[in-house]
Amino acid sequence: MARITDVVKNLLIINIIFFIGTMLMGSPDSQTSLALINEQINGTAADWGRLRLAMFYPTSPYFQPIQIVTHMFMHGDIMHLFFNMFALFMFGPPLEIKWGPKRFLFYYFFTGFGAMGLHLFVRYLEMTSGSISPYAANVPMLGASGAIFGLLLGFGMNFPNVQIQLLFPPIPIKAKYFVLIFAGLELFLGLSNYNSGVAHFAHLGGALFGFLLILYWRKFGSRL
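This note's numbering numbers the first residue of the sequence shown as 2 and each following residue consecutively.
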């Protein structure tokens, strides 16, 4: 495993600070916000912190432009944070060493924003087709998972034959196969609408935009 690198370390710290910060945020200051929180996530102070910094659909009255960035540093609970940060710790350093800090950071945010974009596009299609209620605009998205899936895709493309030791089942698998299996699973879950509380198309968006960016870099290079 590669040593922890500067950008990865700073991203880990920022995500942890944001998570702790949302634990300490006060309760909402309006009855409207309180009613929304009670309906969605039980109205605790920590949930309010995550809610107002998570990403709402742009037509939602709760949308704020700052959420475009802050949602990438919000996490629903300690396990959500742990698994994302563990993946960042495992797959981030080799890519940062290979690309350099500026290129790595650009890739991280590019895939994160791409994940958000695909999620919002799919949400738009669902609402306009009537397959989900327009109220879904008031259900926020949060987490670094889109960027993390981008890193996973990047790792698989740059280190395809590196063995990844799985926990369940406890077998090694090459990175390129791991990425394909994971992407296929996310696509299946997204299309089947399994566990609608998980933004499967955001995960796929991170991988898709990472794939496109790496192809672009390989063909045209990068000035970063």
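Glycine included, C-beta positions come from ideal geometry on N, C-alpha and C. Remember, predicted model here, so these are calculated numbers, not experimental data.
Mapping the DSSP letters down to three states, classify L205 as helix, strand or coil. Numbered from its first residue, the sequence shown carries residue 205 at position 204. Of the three classes helix, strand and coil, the one that applies to L205 here is helix, per DSSP.
Whole angstroms are fine: how far does the CA of R53 sit from the CA of D30? As a first step, residue 30 is located in the sequence shown; it is residue number 29 there, counting from the start. As a first step, residue 53 is located in the sequence shown; it is residue number 52 there, counting from the start. A caution first: D30 carries a pLDDT of 38, below 50, which makes its placement in the model too unreliable to give a value.
Between N16, S61 and F20, which lies nearest to P135 when the distance is taken from Cα to Cα? Position 134 of the sequence shown holds residue 135. Taking only the C-alpha atoms, the option nearest P135 is S61.
Since I believe F160 is in contact with A208 (beta carbons under 8 angstroms), could you give me their beta-carbon distance rounded to a whole number of angstroms? As a position in the sequence shown, residue 208 is number 207, starting the count at 1. As a position in the sequence shown, residue 160 is number 159, starting the count at 1. About 15 angstroms; that fails the 8 angstroms criterion.
Using the three-state DSSP reduction, which class does Q65 fall into: helix, strand or coil? Here the question's residue 65 lines up with position 64 in the sequence shown. Residue state, collapsed to three classes: coil.
I174 bridges to which residues according to DSSP? On the sequence shown, position 173 is the one that residue 174 refers to. Paired residues: I165.
Using 8 angstroms as the cut-off, can you tell me whether the region 143–158 makes contact with the region 177–190, which would need three or more C-beta pairs spanning the two stretches below that distance? Yes: at least three Cβ pairs fall under 8 angstroms.
Could you check the C-alpha separation between V9 and F90 for me, to the nearest Å? Mapped onto the sequence shown, residue 9 falls at position 8. Mapped onto the sequence shown, residue 90 falls at position 89. So the alpha carbons of these two residues sit roughly 7 angstroms apart.
Under 8 angstroms by Cβ, that's how I've got I98 and T6 pegged, so tell me the actual separation to the nearest angstrom. One-based indexing of the sequence shown puts residue 98 at position 97. One-based indexing of the sequence shown puts residue 6 at position 5. Contact holds; Cβ gap of about 6 angstroms.
How should L126 be labelled, buried or exposed, when 16 other C-beta atoms within 10 angstroms of its C-beta is the threshold for buried? Position 125 of the sequence shown holds residue 126. Counting Cβ neighbours within 10 Å, L126 comes out exposed, since fewer than 16 surround it.
Quick one, which of M86, T71, H72 and F57 has its alpha-carbon nearest I17's? Translated into positions along the sequence shown, residue 17 becomes position 16. Closest by alpha carbon: M86.
How is the alpha helix (DSSP H) around A148 delimited, first residue to last? Position 147 of the sequence shown, counted from the first residue, corresponds to residue 148. For A148, the enclosing alpha helix (DSSP H) begins and ends at S146 to N159.
Based on Cα-Cα distance, which residue from A55, I69 and L96 lies nearest to R4? In the sequence shown, the residue the question calls residue 4 occupies position 3. Nearest of A55, I69 and L96 to R4, Cα basis: L96.
So, under 8 angstroms CB-CB, F19 and F83 are touching, yes? Tell me the CB distance rounded to an integer number of Å. Position 18 of the sequence shown, counted from the start, is the residue given in the question as residue 19. Position 82 of the sequence shown, counted from the start, is the residue given in the question as residue 83. About 14 angstroms separates the two Cβ atoms, so there is no contact after all.
Please classify P230: is it buried, with 16 or more other beta-carbons within 10 angstroms of its beta-carbon, or exposed? Residue 230 lies beyond the residue range present for the chain, which begins at 2 and ends at 225; the question has no answer from this structure.
How many Å lie between M80 and W218 at the Cα? Stepping through the sequence shown from its first residue, residue 80 is reached at position 79. Stepping through the sequence shown from its first residue, residue 218 is reached at position 217. Roughly 34 angstroms separates the two Cα atoms.
Alpha-carbon to alpha-carbon, L192 and L152: Counting from 1 along the sequence shown, the entry for residue 152 is found at position 151. Counting from 1 along the sequence shown, the entry for residue 192 is found at position 191. Answer to the nearest angstrom: the Cα atoms are 23 angstroms apart.
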